[in-house]
Amino acid sequence: MNSRVIFSLVFVGLGLIIAATPSNTTKAYKLTAEELLEEAYSRNQYISPDEVADLLINKDPAFLLIDVRDQDEYEKYSLPNSINIPLTNLLAEEWEAYLDQDIRLNVFYSNGSLKANEAWMITRQLGYENNYVLEGGLNYWAETIMNPEKPSSTSPNEEFAKYDFRKGASMALGGGALVGSAGGNKPSAKPKIASRPKKKRAAGGC
Amino acid sequence: MGPLVINEIISANTNLLIAFLIGIGFGFVLESSGFSSSRKLAGVFYGYDTVVLKVFFTAAITAMIGLLFMSLFGWIDLDLIYINPTYVPSAIAGGAIMGAGFIFGGFCPGTSFCSAAIGKIDAIVFIGGLFIGILIFAEGYSLWEGFYKAGFKGIPKLSESLGLTDGLLAFGVIIAAIGMFYVGEWAEKKFPREEY
Numbered sequence: 219m220n221s222r223v224i225f226s227l228v229f230v231g232l233g234l235i236i237a238a239t240p241s242n243t244t245k246a247y248k249l250t251a252e253e254l255l256e257e258a259y260s261r262n263q264y265i266s267p268d269e270v271a272d273l274l275i276n277k278d279p280a281f282l283l284i285d286v287r288d289q290d291e292y293e294k295y296s297l298p299n300s301i302n303i304p305l306t307n308l309l310a311e312e313w314e315a316y317l318d319q320d321i322r323l324n325v326f327y328s329n330g331s332l333k334a335n336e337a338w339m340i341t342r343q344l345g346y347e348n349n350y351v352l353e354g355g356l357n358y359w360a361e362t363i364m365n366p367e368k369p370s371s372t373s374p375n376e377e378f379a380k381y382d383f384r385k386g387a388s389m390a391l392g393g394g395a396l397v398g399s400a401g402g403n404k405p406s407a408k409p410k411i412a413s414r415p416k417k418k419r420a421a422g423g424c
Numbered sequence: 082m083g084p085l086v087i088n089e090i091i092s093a094n095t096n097l098l099i100a101f102l103i104g105i106g107f108g109f110v111l112e113s114s115g116f117s118s119s120r121k122l123a124g125v126f127y128g129y130d131t132v133v134l135k136v137f138f139t140a141a142i143t144a145m146i147g148l149l150f151m152s153l154f155g156w157i158d159l160d161l162i163y164i165n166p167t168y169v170p171s172a173i174a175g176g177a178i179m180g181a182g183f184i185f186g187g188f189c190p191g192t193s194f195c196s197a198a199i200g201k202i203d204a205i206v207f208i209g210g211l212f213i214g215i216l217i218f219a220e221g222y223s224l225w226e227g228f229y230k231a232g233f234k235g236i237p238k239l240s241e242s243l244g245l246t247d248g249l250l251a252f253g254v255i256i257a258a259i260g261m262f263y264v265g266e267w268a269e270k271k272f273p274r275e276e277y
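Sequence order for the protein chains is A and B. Note that this note's numbering has the first sequence beginning at 219, numbered continuously upward. Note that this note's numbering has the second sequence beginning at 82, numbered continuously upward.
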């Protein structure tokens, strides 16, 4: 047979195989236990309360808070715009689309960080990305954002900027009393919120 | 596993080394398939020689099938592969300029360097023109910056806009390529040229 015909048939055959394969099998793979351990130890899954407050105040649409505590706890108190996925229901089918996606940044929170970490670990083990954990949970949130501690007068300016930001955030998010820092109404610079570096695509071209 | 650099399996320097080796292979294939003759490239537009079309389309469908199968086997994460972002007006203008240069000069950027390497004077002149073009673009950047960045469409994929799976679109492209090869060979017979 003519070699052109053979090549054409090979390509058509391979094309047929790839056309008949469901594309969702090409999804990312799961992590091994070692990889998961390494990730957990790198603490990269944590997002600080300041970052979360900044995202909340800016009403970032690509950001979702997920409360993994029980429903009654969620009803008693929860962060603004958060949804409730109790840890026991984490694997329910209705939540899969929320957890396995690559558009939004999900942040799990619980009272401490234990339950949120469990949720993160389970979803990470499944190979899901973009799920993070609120560092220190609601307890630390209350300490830093809702009732920020005033820095001592000898503290560096960044401390005051951070304090002002937290005070402002606390007001915006419905917490503690309103007292300005260090006297004077001078608006101080907003502390820099380090944004999470995204994985870059491989650069290339012709 | 892949892409190797992104997942830090190989370093950026190793990546350059691999690119260097692939580049040598690419140049070798270009030269040995006769791409360093500008008449061969111009032949696509006149129909007497469609080797360029066949070689590049074969390369494209080979790479396409390879990537899709590697993704299927979990060897590469296609989400991390670089795709040029689409800017509609600059894509049209750039395509027209490139196409005109292709017909006038008989080279594309890659083949011009390939044939300059074997000492062809027309290729060296072509490269000179290429640098003049780069200079004009860079120096006058403020003049066409607005046009250059207009019509940003992100990175749309043909399969997504048609609502097909990647595999199905790949199959369609293969069929189209084979049809094009057939038409190309027909044209070669229809518009033969004795010597070029």
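We put the beta carbon where it would ideally sit given N, CA and C, even for glycine.
Minimum length 4: unbroken alpha helix (DSSP H) runs contained in the segment 292-345 of chain A: 311-317 and 332-343
Please name the residue in A:251, A:312, A:278 and A:262 whose C-alpha comes closest to that of residue 347 (chain A). Along the first sequence, read from residue 1 onward, the residue named residue 347 (chain A) stands at position 129. It is A:262.
Check residue 249 (chain A) in the structure and name its three-state DSSP category. The residue given as residue 249 (chain A) occupies position 31 in the first sequence. In this structure, residue 249 (chain A) counts as coil in the three-state DSSP scheme.
Residue range of the unbroken beta strand (DSSP E) whose run includes residue 351 (chain A): Taking the first residue of the first sequence as 1, we reach residue 351 (chain A) at position 133. Taken as a continuous stretch (DSSP letters only), the beta strand (DSSP E) holding residue 351 (chain A) covers 349-352.
Nearest-angstrom Cα separation, counted from residue 171 (chain B) out to residue 265 (chain A): Within the first sequence, residue 265 (chain A) is the residue found at index 47, counting from 1. Within the second sequence, residue 171 (chain B) is the residue found at index 90, counting from 1. Those two C-alpha atoms are separated by around 40 angstroms.
Select from the segment 232-254 of chain B all residues with a C-beta closer than 7 angstroms to any C-beta belonging to chain A, and list them in chain order. Of all residues in the segment 232-254 of chain B, only 246, 247, 248, 249, 251 and 252 come within less than 7 angstroms of chain A when Cβ atoms are compared, listed by chain position.
Between residue 111 (chain B) and the rest of its own chain, which residues show a CB-CB distance below 8 angstroms, the 5 nearest in sequence each way excluded? Counting from one through the second sequence, the residue named residue 111 (chain B) turns up at place 30. These residues qualify, in order along the chain: 117, 191, 192 and 195.
So is residue 255 (chain A) in contact with chain B if we call contact Cβ pairs under 8 angstroms? Taking the first residue of the first sequence as 1, we reach residue 255 (chain A) at position 37. Chain B contact via Cβ: absent.
Measuring alpha carbon to alpha carbon, tell me which of B:84, B:256, B:94 and B:109 ends up nearest residue 199 (chain B). Residue numbering aside, residue 199 (chain B) sits at position 118 when the second sequence is read from its first letter. Nearest of B:84, B:256, B:94 and B:109 to residue 199 (chain B), Cα basis: B:109.
Where residue 229 (chain B) sits in the DSSP three-state scheme: What you label residue 229 (chain B) is simply residue 148 of the second sequence in a count that begins at 1. The answer is helix: DSSP assigns residue 229 (chain B) an H, G or I state.
In the DSSP assignment, the beta strand (DSSP E) including residue 284 (chain A) goes from what residue to what residue? Translated into the one-based positions of the first sequence, residue 284 (chain A) becomes position 66. 281-285 is the extent of the beta strand (DSSP E) around residue 284 (chain A).
Output needed in chain order: residues of the segment 145-160 of chain B with a Cβ under 8 angstroms from some Cβ in chain A. Correct list: 146, 149, 150, 152, 153, 155, 158, 159 and 160.
Strand pairing of residue 264 (chain A), partner residues [DSSP]: Residue mapping note: residue 264 (chain A) aligns to position 46 of the first sequence, counting from 1. A:351, per the DSSP bridge assignment.
Would you mind listing the alpha helix (DSSP H) stretches within the segment 159-226 of chain B that are 4+ residues and don't spill past its ends, in chain order? 169-186, 190-198 and 202-220
Residues in the same chain with beta-carbon distance under 6 angstroms from residue 317 (chain A), minus the five sequence neighbours each way, listed in chain order, please. Position 99 of the first sequence, counted from the first residue, corresponds to residue 317 (chain A). Counting only Cβ-Cβ distances below 6 angstroms, and skipping sequence neighbours, we find 341 and 346.
Test: residue 230 (chain A) CB closer than 8 angstroms to a CB of chain B: Locating residue 230 (chain A) in the first sequence gives position 12, counting from the first residue. So yes, residue 230 (chain A) belongs to the interface.
Where does the unbroken alpha helix (DSSP H) through residue 247 (chain B) begin, and where does it stop? Your numbering for residue 247 (chain B) matches position 166 in the second sequence. From DSSP, the alpha helix (DSSP H) with residue 247 (chain B) extends over 247-271.
I'd like to know if residue 236 (chain A) contacts chain B, where contact means its C-beta is closer than 8 angstroms to some C-beta of that chain. Looking up residue 236 (chain A) in the first sequence gives position 18. Yes - at least one Cβ of chain B is within 8 angstroms of the one on residue 236 (chain A).
Under 6 angstroms Cβ to Cβ from residue 197 (chain B), same chain only, skipping five residues before and after it: list those, please. Looking up residue 197 (chain B) in the second sequence gives position 116. Cβ within range, chain order: 204, 205 and 208.
Paired residues, beta bridge with residue 146 (chain B) - DSSP: Walking along the second sequence from the start, residue 146 (chain B) turns up at place 65. For residue 146 (chain B), which the question treats as bridged, DSSP gives no partner whatsoever.
Neighbour list for residue 142 (chain B) in chain A, Cβ cutoff strictly below 7 angstroms: Position 61 of the second sequence holds residue 142 (chain B). Chain A residues near residue 142 (chain B): 229.
Among A:222, A:364, A:295 and A:232, which residue has its Cα nearest to the Cα of residue 248 (chain B)? For the purposes of this step, residue 248 (chain B) is identified with residue 167 of the second sequence, where counting begins at 1. Out of A:222, A:364, A:295 and A:232, A:232 has the C-alpha closest to the C-alpha of residue 248 (chain B).
Do residue 432 (chain A) and residue 337 (chain A) have their C-beta atoms closer together than 8 angstroms? Look at the range of chain A in this structure, 219 to 424, and you will see that residue 432 (chain A) is not part of it.
Buried or exposed for residue 324 (chain A), going by 16 or more other Cβ atoms inside 10 Å? Translated into the one-based positions of the first sequence, residue 324 (chain A) becomes position 106. With 16 or more Cβ atoms within 10 Å of its Cβ, residue 324 (chain A) is classed as buried.
I believe residue 363 (chain A) touches residue 388 (chain A) by the beta-carbon criterion, under 8 angstroms. Please report the beta-carbon distance rounded to the nearest angstrom. In the first sequence, counting from the first residue as 1, residue 363 (chain A) sits at position 145. In the first sequence, counting from the first residue as 1, residue 388 (chain A) sits at position 170. A Cβ-Cβ distance of about 6 angstroms is found for the pair residue 363 (chain A) and residue 388 (chain A), placing them in contact under the 8 angstroms criterion.
Taking 8 angstroms as the cut-off, decide whether the C-beta atoms of residue 289 (chain A) and residue 299 (chain A) are in contact. Residue mapping note: residue 289 (chain A) aligns to position 71 of the first sequence, counting from 1. Residue mapping note: residue 299 (chain A) aligns to position 81 of the first sequence, counting from 1. Contact: no.
Can you tell me the Cα-Cα spacing of residue 85 (chain B) and residue 148 (chain B), whole angstroms? Against the second sequence, residue 85 (chain B) aligns to sequence position 4. Against the second sequence, residue 148 (chain B) aligns to sequence position 67. Whole-angstrom Cα-Cα distance: 14 angstroms.
How about residue 369 (chain A) and residue 377 (chain A): do their beta carbons lie closer than 8 angstroms? Looking up residue 369 (chain A) in the first sequence gives position 151. Looking up residue 377 (chain A) in the first sequence gives position 159. Going by C-beta atoms, residue 369 (chain A) is nearer than 8 angstroms to residue 377 (chain A).
Residue environment, residue 250 (chain A), which counts as buried when at least 16 other CB atoms sit within 10 Å: Reading the first sequence from its first residue, position 32 is the one you call residue 250 (chain A). Classification for residue 250 (chain A): exposed.
In angstroms with no decimal places, state the Cα-to-Cα distance between residue 222 (chain A) and residue 250 (chain B). Here the question's residue 222 (chain A) lines up with position 4 in the first sequence. Here the question's residue 250 (chain B) lines up with position 169 in the second sequence. Their backbone Cα atoms lie some 22 angstroms apart in a straight line.
Residue 280 (chain A) to residue 273 (chain A), Cα distance in whole Å? Here residue 280 (chain A) refers to the residue found at position 62 when the first sequence is read from its first residue. Here residue 273 (chain A) refers to the residue found at position 55 when the first sequence is read from its first residue. Distance between the alpha carbons of residue 280 (chain A) and residue 273 (chain A) is about 9 angstroms.
Report yes if the CB atom of residue 234 (chain B) is closer than 8 angstroms to the CB atom of residue 143 (chain B), and no otherwise. Taking the first residue of the second sequence as position 1, residue 234 (chain B) is located at position 153. Taking the first residue of the second sequence as position 1, residue 143 (chain B) is located at position 62. Cβ distance not < 8 angstroms, so residue 234 (chain B) and residue 143 (chain B) don't count as in contact.
I need the straight-line Cα distance from residue 186 (chain B) to residue 95 (chain B), nearest angstrom please. As a working mapping, residue 186 (chain B) is identified with position 105 in the second sequence. As a working mapping, residue 95 (chain B) is identified with position 14 in the second sequence. C-alpha separation (whole angstroms): 35 angstroms.
For chain A, is any of its Cβ atoms less than 8 angstroms away from the one on residue 259 (chain B)? In the second sequence, counting from the first residue as 1, residue 259 (chain B) sits at position 178. So yes, residue 259 (chain B) belongs to the interface.
What did DSSP end up calling residue 392 (chain A) once you bin it into helix, strand or coil? Locating residue 392 (chain A) in the first sequence gives position 174, counting from the first residue. Reduced to three states, the DSSP call for residue 392 (chain A) is coil.
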